[in-house]
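Colleague:
Okay, here's the thing in structure tokens:
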């Protein structure tokens with residue numbers, strides 16, 4: 001097929017929806033119809049047949065939903081799918097068309113597939129938490145649990161509705177529950193909040209309603225995989241003081257394909273955001289890929305002995321909405337006589353949203369919850385949380401509520417200190433005892449711009465209008481180092497230090513451990529309201545104006561410019577006792 005004829009037909013179809021019969025035909029086009037159809041499909045149009053078929057324009061080419069899915073949808077279907085996607089953060093249109101009992105790939109390792117378990121395992125309550133979730137997603141979660149959990153072990157499935165407003169989650173859902181219970185008498189229960197209480201309280205409500213030996217608390221946008229429950233129940237039969245988590249696989253938000261994730265431990269940073277950690281060397285030494293993995297923390301899906309979870313305080317009901325509750329539970333388990341593990345042979349698919357349609361800004365709730373964790377469980381290390389969130393220590397401006405009952409619980413359980421935890425359980429989390437200034441940093445000549453880490457990737461700090469997000473967080477140490485960018489403070493995830501390269505007029509950022517090993521000029525003399533002077537080169541960090549609205553961060557001979565950092569620490573981090581903790 002000549003290129004020009006081929007492209008001409010495609011261009012005609014791209015301009016608008018039209019019938020292929022309206023395109024001037026020719027023997028050449030008839031002869032090469034398959035190539036034309038293939039070319040149309042490469043432009044993401046629906047052309048099942050050459051004649052009498054509408055070629056559909058892609059209405060939302062920039063939507064994440066249509067990057068790998070939806071080429072065969074009519075325009076009105078695209079609009080429905082896109083609107084549902086914006087409301088839920090995943091492809092509800094597709095979910096509504098998928099079977100509730102669809103098969104998914106078994107992502108367990110061969111060793112896990114060969115593993116056998118005792119028959120006399122504890123009974124299981126499964127709690128599914130939701131608020132304004134897509135009905136088909138909830139029903140598929142329920143169906144997967146029923147189909148992939150031994151019936152003699154599954155005592156109940158408890159739905160906890162955190163005050164949903166969607167109509168189909170009321171009467172329609174109740175009808176489905178009745179239908180399930182007609183086949184499985186008494187299996188499904190529902191708890192409905194009369195106001196929005198947040199994720200933590202919803203999980204507590206689910207635990208309170210549960211009656212089995214073991215309770216598994218899951219999101220409702222999941223599908224459990226083959227033999228997911230047996231590893232959990234077997235491990236908790238061996239040791240009731242373990243809080244366990246399955247391995248997450250990703251159900252992609254656009255096409256609902258199951259993407260296998262690698263096995264990892266669960267950790268967190270100093271802002272108490274959850275993250276994945278490398279597997280511990282001790283686990284590899286076992287040479288048994290079915291063995292439980294010691295984990296510093298736990299992610300969003302957990303299972304525990306129901307009574308033990310109650311004995312150690314379930315979850316902190318004083319937390320709001322979302323964030324920090326998993327870290328709090330992990331710390332409490334470890335510090336109060338339990339442990340946390342990830343079970344490689346238990347796999348659960350989790351729908352990963354493209355965006356969270358609810359509470360778009362979680363920072364307020366996260367800060368509040370993080371400070372509750374810090375004040376109750378982290379002792380003197382709590383200041384690292386204040387640093388990570390760029391909050392003043394004396395008056396953070398965040399009402400984190402009354403934590404006296406949680407402190408009493410810690411005392412009652414005779415829990416260990418955070419110093420023990422960080423040394424024995426999570427040594428990857430680095431404590432920085434000598435930070436004396438932190439937050440945004442401004443030059444007195446121009447106080448509406450701040451030092452910023454600059455474009456990433458890249459290693460050139462810049463001056464940029466102040467916004468106080470993590471790219472503008474500075475951490476100045478009493479030993480002279482100046483970290484720029486968010487506080488990582490974890491092994492193998494290096495912070496970046498401000499360096500004077502000694503030549504040229506631009507400062508640079510370098511990984512702090514690399515700067516130390518190479519003896520780079522990373523030490524600075526600075527006090528509040530004074531110059532910032534590099535100890536090695538004696539040059540000053542200053543700003544210069546390229547034009548009236550553009551300023552550069554430069555290294556040069558000192559001219560008397562002065563700097564201020566947002567927050568200062570009066571005495572913390574300077575005592576011999578705290579320095580010994582590192």
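Residue numbers (UniProt numbering): 1 to 582.
Think of the CB as a built atom: it goes at the ideal place given N, C-alpha and C, for glycine as much as any other residue.
Rounded to whole angstroms, how far is the Cβ of residue 522 from the Cβ of residue 461, which I believe are closer than 8 Å?
Modeller: Wrong, their Cβ atoms sit about 13 Å apart, outside the cutoff.
Colleague: To which residues of the same chain is residue 59 closer than 8 Å at the C-beta, ignoring the five residues directly before and after it?
Modeller: Answer for residue 59: 75, 78, 79, 82, listed in chain order.
Colleague: Which partner residues of residue 590 appear in the DSSP bridge assignment?
Modeller: The chain is shown from 1 up to 582; residue 590 falls before or after that span and cannot be answered.
Colleague: Using a Cβ distance threshold of 8 Å, determine whether the segment 338-350 contacts the segment 288-299, with at least three qualifying pairs required.
Modeller: Judged by Cβ distances under 8 Å, the segment 338-350 makes contact with the segment 288-299, as three or more pairs qualify.
Colleague: List the whole-angstrom C-beta distance separating residue 355 from residue 251, where the pair is believed to meet the contact cut-off of C-beta under 8 Å.
Modeller: Actually they are not in contact, since the Cβ atoms of residue 355 and residue 251 sit about 16 Å apart, beyond 8 Å.
Colleague: Looking at the strands, I want to know which residues DSSP matches up with residue 563.
Modeller: Note: residue 563 sits in a beta bridge opposite 443, 530.
Colleague: Output needed for residue 395: all residues of its chain with C-beta closer than 6 Å, excluding positions within five of it in sequence on either side, in chain order.
Modeller: Cβ neighbours of residue 395 beyond the five flanking positions: none.
Colleague: Need the endpoints of the beta strand (DSSP E) that residue 349 sits in, please.
Modeller: Note, residue 349: beta strand (DSSP E), 339-351.
Colleague: Is residue 261 near the ligand ADP, going by C-beta to nearest heavy atom under 7 Å?
Modeller: In the structure on display, the ligand ADP does not appear, and there are no ligands present to speak of.
Colleague: What residue does the alpha helix (DSSP H) around residue 519 start on, and which one ends it?
Modeller: Premise fails: residue 519 is in no alpha helix (DSSP H) and is neither H nor E.
Colleague: Suppose you measure from the CA of residue 260 to the CA of residue 565; what does that come to, to the nearest Å?
Modeller: Between residue 260 and residue 565, the C-alpha separation is close to 45 Å.
Colleague: Tell me which same chain residues have a C-beta within less than 7 Å of the C-beta of residue 353, skipping the five on either side of it?
Modeller: Contacts found: 89, 90, 253.
Colleague: Give me the DSSP bridge partner(s) of residue 298.
Modeller: Answer is none; residue 298 lacks a bridge partner.
Colleague: Measure the CB-CB distance between residue 229 and residue 124 and report whether it falls below 8 Å.
Modeller: Cβ atoms of residue 229 and residue 124: closer than 8 Å.
Colleague: What are the partner residues of residue 151, as DSSP defines its beta bridges?
Modeller: DSSP, once it has assigned bridges, lists no residue as partnering residue 151.
Colleague: So, helix, strand or coil for residue 26, using DSSP?
Modeller: Summary for residue 26: the model assigns pLDDT 44, below 50, so the residue's position carries little reliability, and this model does not support an answer.
Colleague: Evaluate contact between the segment 123-143 and the segment 96-109, counting only Cβ atoms and requiring at least three cross-stretch pairs below 8 Å.
Modeller: Yes, they touch.
Colleague: Look at the Cβ atom of residue 516, then the Cβ atom of residue 563, and state whether they are nearer than 8 Å.
Modeller: In this structure, residue 563 does not lie closer than 8 Å to residue 516 by Cβ.
Colleague: Please tell me whether residue 434 and residue 478 are closer than 8 Å, where the distance is taken between their beta carbons.
Modeller: Yes.
Colleague: Within a Cβ cutoff of 6 Å, which residues of the same chain sit near residue 501, ignoring the five residues on either side of it in sequence?
Modeller: Excluding sequence neighbours, residue 501 sits near 508.
Colleague: Report yes if the C-beta distance between residue 475 and residue 421 is below 8 Å; otherwise report no.
Modeller: It is not a contact, given that the beta carbons lie outside the stated cut-off.
Colleague: Per the contact definition of three or more C-beta pairs closer than 8 Å, is the segment 231-238 in contact with the segment 325-332?
Modeller: With the cut-off at 8 Å, the segment 325-332 and the segment 231-238 do not touch.
Colleague: List in chain order: all unbroken alpha helix (DSSP H) runs of 4+ residues lying wholly within the segment 240-309.
Modeller: Complete alpha helix (DSSP H) runs here, min 4: 281-286.
Colleague: In angstroms with no decimal places, state the Cα-to-Cα distance between residue 262 and residue 391.
Modeller: Each residue's alpha carbon lies about 35 Å from the other.
Colleague: What separation, rounded to the nearest whole angstrom, lies between the Cα atoms of residue 418 and residue 247?
Modeller: Straight-line Cα distance between these residues: approximately 27 Å.
Colleague: Count the other C-beta atoms from every protein chain shown that fall within 10 angstroms of the C-beta of residue 221, then say buried if there are 16 or more, exposed otherwise.
Modeller: So residue 221 ends up on the buried side.
Colleague: Whose CA, out of 134, 161, 128, lies closest to the CA of residue 146?
Modeller: Among 134, 161, 128, the Cα nearest to that of residue 146 belongs to 128.
Colleague: Considering just the uninterrupted stretch of the beta strand (DSSP E) at residue 336, what are its terminal residues?
Modeller: It is not in any beta strand (DSSP E) - residue 336 carries neither H nor E in the DSSP assignment.
Colleague: Quick check on DSSP: helix, strand or coil for residue 176?
Modeller: Here residue 176 sits in helix by DSSP.
Colleague: Return the residue from the list 154, 346, 414 that minimises the CA-CA distance to residue 377.
Modeller: Looking at the Cα atoms, 414 is the closest of the given residues.
Colleague: Considering only the beta carbon of each residue, do residue 306 and residue 214 sit closer than 8 Å?
Modeller: A contact, by the Cβ cut-off of 8 Å.
Colleague: Residues in its own chain within less than 8 Å of residue 249 by CB, not counting five upstream and five downstream?
Modeller: So the qualifying residues of the chain are 107, 225, 258, 259, 260, 261, 347, 348, 349, 350.
Colleague: For residue 223 and residue 449, I'd like the C-alpha separation in whole angstroms.
Modeller: Cα to Cα, the separation comes out at about 48 Å.
Colleague: Where DSSP assigns a beta bridge to residue 69, which residues make up the other side?
Modeller: In DSSP, residue 69 forms no bridge with anything.
Colleague: Can residue 458 and residue 473 be called in contact, C-beta distance under 8 Å?
Modeller: For residue 458 and residue 473, no; Cβs fall outside 8 Å.
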